[in-house]
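There are 2 protein chains.
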Amino acid sequence: MKFEIEARQGRARAGRVTLPRGSFDTPVFMPVGTQATVKSMSPHDLHNIGAKVILSNALHLFLRPGHELIDSLGGLHTFMAWDGLILTDSGGYQVFSLKNLMKLTDAGVTFKSHIDGSEHFISPEKSMAIQRAIGADMIMALDECPPADADRAHIVKAVRRTTEWAGRCRSVKLKDHQTLIPIVQGGTDVELRKQSAESLVEMDFTAYAIGGLSVGEEKAAMLDTTEATTGFLPEHCPRYLMGVGMPLDILDAIERGVDMFDCVLPTRMARNGAVFTTEGRLNLRNARFKDDPGPVDPDCECYTCRNFSRAYMRHLIMAGEITAARLATFHNLFFYAKITDIARRAIREGTFNKVKKELAEPYSSGGKQ
Amino acid sequence: MKFEIEARQGRARAGRVTLPRGSFDTPVFMPVGTQATVKSMSPHDLHNIGAKVILSNALHLFLRPGHELIDSLGGLHTFMAWDGLILTDSGGYQVFSLKNLMKLTDAGVTFKSHIDGSEHFISPEKSMAIQRAIGADMIMALDECPPADADRAHIVKAVRRTTEWAGRCRSVKLKDHQTLIPIVQGGTDVELRKQSAESLVEMDFTAYAIGGLSVGEEKAAMLDTTEATTGFLPEHCPRYLMGVGMPLDILDAIERGVDMFDCVLPTRMARNGAVFTTEGRLNLRNARFKDDPGPVDPDCECYTCRNFSRAYMRHLIMAGEITAARLATFHNLFFYAKITDIARRAIREGTFNKVKKELAEPYSSGGKQ
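The listed protein sequences correspond, in order, to chains A and B.
With my numbering applied, the first sequence closes on residue 372, and no number is skipped along the way.
With my numbering applied, the second sequence closes on residue 372, and no number is skipped along the way.
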């Protein structure tokens with residue numbers, strides 16, 4: 004993995020990540036396709052949105068349809084017909100958040116399948132074997148992600164284990180096109196974040212992720228921790244803030260030196276009729292859109308906005324039509340791609356602070372967001 | 004409406020229907036978009052499938068979002084961003100089949116909304132006002148559609164009422180681009196079908212529909228009735244067999260002189276994982292497709308078949324991903340478009356009997372169909 008920083012403004016960076024199978028500009032938002040599809044989207048749509056990297060979940064794919072099956076069918080790119088880049092999360096976070104955790108030791112984690120209740124054991128080595136087979140371009144080290152209300156002792160232990168596991172992941176041979184990314188843990192404790200980051204940096208990876216945030220802590224704590232953590236990471240490596248977030252969170256994190264993002268919100272919220280626009284977030288179920296002839300977002304050039312009215316979108320949602328989920332998902336992903344594009348351009352042009360303020364404005368007033 | 008018959012083979016016809024806003028070749032299959040969307044499809048997809056006409060349901064649109072709303076937003080074409088042609092069914096069939104019928108008199112029909120239980124009255128005049136407002140290119144007369152087990156007296160009455168209502172529909176002024184199509188009723192009684200057809204033909208319409216079939220009667224009775232009924236209709240007018248059917252039914256009806264078709268099966272079955280192929284019908288949930296690297300249909304050039312394996316489709320279905328519904332729907336509609344295309348070409352080339360036999364073969368053996 005090569006990372007070139009093309010421009011900086013304050014701590015914000017505009018750059019370009021180059022991998023053996025493709026490249027992408029940063030800051031970047033990666034649409035989430037947990038189960039080998041970005042819900043309701045075709046690869047053709049993802050290209051039209053301008054997506055260069057998507058995220059999938061190794062744990063989900065391990066449970067269904069199985070990493071060996073995917074491998075035997077040519078790997079995940081071929082399986083889902085996506086010729087862009089893929090990042091797989093190890094799924095450690097899901098093991099903890101799904102409350103299917105059965106046993107956690109230094110050896111690894113035993114958990115119950117959310118699909119059929121079957122019992123499974125994943126070690127760092129096993130996670131690498133799974134992700135190697137799936138064949139994503141960027142793969143995440145197995146980490147321990149404590150809940151937001153974990154006590155300090157728990158977080159200390161998670162940091163130690165996460166570092167140790169990163170080392171074990173690192174000793175597994177991956178495919179030539181694959182890059183391993185370790186995850187900084189440490190809750191909202193700056194000292195622990197420092198420890199976690201420094202111990203990983205010592206191992207000399209080419210990119211670093213910040214995990215364990217957006218798990219229920221206050222937004223200010225999330226941003227402060229992000230800001231502190233990027234400060235502990237090498238300037239020349241891409242930084243990936245996992246699972247964040249709302250448009251404003253992304254802009255705030257870019258300002259604090261983050262380069263890569265993923266989040267289920269734009270896709271999940273689309274399926275509930277919520278759309279992101281330059282006027283703020285709108286819920287299209289609202290009766291005030293009943294006869295609104297205007298597009299979802301008057302400033303948007305996406306397929307949905309070029310063709311359909313808010314009134315039509317509301318009709319589809321009220322009628323329970325899955326076309327609504329599809330059209331709203333397309334729009335929201337287009338919107339997320341647009342704000343990272345705008346941010347990137349603004350950093351290059353030295354106007355990030357001004358542009359950020361304009362973009363953030365409709366998302367800063369509590370009411371609309 | 005202009006109808007030119009370009010070729011005949013036996014009773015089968017290949018023709019072209021021209022309307023003020025567009026034209027289409029026959030035999031034609033019209034995808035069903037009951038609630039102003041063909042479930043999971045975009046207008047862009049429908050163009051890619053080669054669809055020229057889609058069907059929508061005036062009764063559903065009357066109940067939600069309301070025909071006046073659609074009218075105020077520029078009509079159904081604009082509302083759903085479909086620049087092809089639209090046929091609206093009056094929805095009389097739905098009133099009867101949904102068992103929400105409350106009262107039926109010569110004046111019209113009173114029924115309960117399936118959405119909120121509210122009570123509504125539709126007369127032939129009201130149905131025309133609704134369909135005029137919605138603005139479809141072809142609109143259906145309000146008819147009475149008795150169930151398959153109705154006794155003769157009931158069918159006699161339905162035929163009389165359907166004719167009378169067709170006359171009342173005919174006296175309502177439509178928009179310039181709209182064509183009214185009356186519906187022949189009569190159950191599986193050839194004498195009543197004759198009466199119904201002749202009384203409508205006397206009123207001199209430009210196209211005729213055959214309704215009240217595929218409501219539970221035996222397939223042989225459906226085909227015999229269709230064959231008899233097309234014989235009572237003028238040669239120079241398009242004939243539309245409503246709600247039929249499976250691929251083999253369509254080929255059988257083309258052979259008996261039918262030109263236009265609609266059916267929810269290809270879209271509804273796609274959402275359940277059933278796909279139509281040149282090898283017959285397959286259910287992609289079947290475990291035998293678990294690791295099948297081949298496309299849904301090896302003989303198909305659609306987006307789904309060009310990009311995805313049966314194994315991937317099965318994975319999406321098992322994982323409950325709506326992308327599965329979308330990709331399978333695209334394929335099934337492509338398949339239906341293809342069989343009517345092939346039939347049309349074969350009629351022009353005088354090879355319909357041979358081609359039909361080939362197409363029908365995998366759908367004739369009970370097992371796979």
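Yeah, the Cβ is synthetic: ideal placement off N, Cα and C, and Gly gets one too.
Secondary structure of residue i, DSSP reduced to three states
i: residue 242 (chain B); result: strand
i: residue 286 (chain B); result: strand
i: residue 187 (chain A); result: strand
i: residue 9 (chain B); result: strand
i: residue 352 (chain B); result: helix
i: residue 44 (chain A); result: coil
i: residue 33 (chain A); result: strand
i: residue 22 (chain A); result: strand
i: residue 51 (chain B); result: helix
i: residue 59 (chain B); result: strand
i: residue 357 (chain A); result: helix
i: residue 16 (chain A); result: strand
i: residue 363 (chain B); result: helix
i: residue 92 (chain B); result: strand
i: residue 81 (chain B); result: helix
i: residue 131 (chain A); result: helix
i: residue 182 (chain B); result: strand
Boundaries (first-last residue) of the beta strand (DSSP E) holding residue i
i: residue 212 (chain A); result: 211-213
i: residue 25 (chain A); result: 25-29
i: residue 319 (chain A); result: Note, residue 319 (chain A): premise wrong, no beta strand (DSSP E); alpha helix (DSSP H) at 313-321.
i: residue 123 (chain A); result: 122-125
i: residue 118 (chain B); result: Here residue 118 (chain B) belongs to no beta strand (DSSP E), and DSSP marks it neither H nor E.
i: residue 264 (chain A); result: 263-265
i: residue 106 (chain B); result: 104-107
i: residue 4 (chain B); result: Per DSSP, residue 4 (chain B) belongs to no beta strand (DSSP E) and is neither H nor E.
Same chain, Cβ closer than 6 Å to residue i, five either side skipped, listed in chain order
i: residue 112 (chain A); result: 98, 125
i: residue 367 (chain A); result: none
i: residue 177 (chain B); result: 135
i: residue 38 (chain A); result: 63
i: residue 85 (chain B); result: 46
Residue i vs residue j beta-carbon contact at 9 Å
i: residue 20 (chain A); j: residue 31 (chain A); result: yes
i: residue 329 (chain A); j: residue 45 (chain B); result: yes
i: residue 374 (chain B); j: residue 162 (chain B); result: The requested residue 374 (chain B) does not occur in the structure, where chain B is confined to residues 4 to 372.
i: residue 66 (chain A); j: residue 26 (chain A); result: no
i: residue 233 (chain A); j: residue 260 (chain A); result: yes
i: residue 217 (chain A); j: residue 246 (chain A); result: yes
i: residue 268 (chain A); j: residue 249 (chain A); result: yes
i: residue 40 (chain B); j: residue 319 (chain A); result: yes
i: residue 266 (chain B); j: residue 253 (chain B); result: yes
i: residue 94 (chain B); j: residue 147 (chain B); result: no
i: residue 231 (chain B); j: residue 196 (chain B); result: yes
i: residue 264 (chain A); j: residue 33 (chain A); result: yes
i: residue 228 (chain B); j: residue 193 (chain B); result: yes
Nonlocal neighbours in the same chain, by C-beta distance under 7 Å from residue i, ignoring five residues either side
i: residue 91 (chain A); result: 59, 60, 61, 134, 137, 139, 142, 143
i: residue 371 (chain B); result: Low confidence applies to residue 371 (chain B): its pLDDT is 41, below 50, so where it sits in the model is not reliable enough to give any reading.
i: residue 286 (chain B); result: 276, 277
Interface residues of chain E facing residue i [CB-CB closer than 7 Å]
i: residue 42 (chain B); result: Among the chains of the structure shown, chain E does not appear; the protein chains present are A and B.
Own chain partners of residue i with C-beta closer than 8 Å, once the 5 adjacent residues on each side are dropped
i: residue 201 (chain B); result: 235
i: residue 8 (chain A); result: 16, 17, 18, 238, 239
i: residue 149 (chain B); result: 99, 157, 158, 161, 188, 190, 215
i: residue 321 (chain A); result: 288
Endpoints, alpha helix (DSSP H) assigned at residue i
i: residue 224 (chain B); result: 222-234
i: residue 162 (chain A); result: 155-173
i: residue 270 (chain A); result: 268-274
i: residue 256 (chain A); result: 250-258
i: residue 193 (chain A); result: 193-205
i: residue 280 (chain B); result: Counting along the chain, residue 280 (chain B) falls outside any alpha helix (DSSP H), though it belongs to the beta strand (DSSP E) covering 277-280.
i: residue 304 (chain A); result: Unbroken run through residue 304 (chain A): none, as it is neither H nor E.
i: residue 75 (chain A); result: 70-75
Exercise. Please determine if the stretch 9-18 of chain A and the stretch 350-366 of chain A are in contact, where contact requires at least 3 C-beta pairs separated by less than 8 Å.
Key: Taking 8 Å as the limit for Cβ pairs, the verdict is that the stretch 350-366 of chain A does touch the stretch 9-18 of chain A.
Quiz prompt | Any 3 or more C-beta pairs closer than 8 Å across the stretch 275-282 of chain A and the stretch 43-55 of chain A | solution = no
Quiz item: For the stretch 340-350 of chain A against the stretch 204-217 of chain B, are there 3 or more C-beta pairs whose distance is under 8 Å?
Solution: no
Quiz item: For the stretch 321-340 of chain B against the stretch 302-310 of chain B, are there 3 or more C-beta pairs whose distance is under 8 Å?
Solution: yes
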